[in-house]
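**Q** The structure under discussion is supplied below as structure tokens; questions concerning it will follow.
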Amino acid sequence: MVLIRQFRVATWVNGNESGQLIETCAGLLDNDEPEVCIRKEAIEETGYEVGEVRKLFELYNVARRCD
128 MVLIRQFRVA
138 TWVNGNESGQ
148 LIETCAGLLD
158 NDEPEVCIRK
168 EAIEETGYEV
178 GEVRKLFELY
188 NVARRCD
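Numbering (my numbering), first residue to last: 128 to 194.
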């Protein structure tokens with residue numbers, strides 16, 4: 128599992144001094160298979176090339192923004 132540290136303005140203005148959150152890579156499926164998207168997002172957001180892909184769980188990060 129690859130995690131990233133991401134600055135989020137909303138957390139900073141609400142008292143998180145660094146504004147940093149620890150997150151998974153995420154993105155839209157863009158009409159591709161999930162594994163293809165996982166590999167593209169990992170490279171785009173971290174520079175890491177993913178080896179084996181396994182489903183660990185399902186997660187809705189921000190339910191009000193998910194389609």
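By construction, the Cβ of each residue, glycine as well, lies at the ideal position given by its N, Cα and C atoms.
Please read all numbers here as calculations on a predicted model, not as lab measurements.
Do you know whose CA, among 138, 148, 152, 139, lies nearest residue 174's CA?
**A** 152
**Q** Nearest by alpha-carbon distance to residue 186: which of 159, 150, 163, 145 is it?
**A** 150
**Q** Measure the C-alpha to C-alpha separation of residue 157 and residue 168 and round it to an integer number of angstroms.
**A** Linking residue 157 to residue 168 through their CA atoms gives a straight-line distance of about 11 Å.
**Q** Would you report the Cα separation of residue 143 and residue 160, rounded to the nearest angstrom?
**A** 36 Å
**Q** With C-beta atoms as the reference, is residue 180 less than 9 Å away from residue 170?
**A** no
**Q** Less than 9 Å between CB atoms is the rule here; does residue 180 satisfy it with respect to chain B?
**A** In summary, chain B is missing from the structure at hand, where a single protein chain is found.
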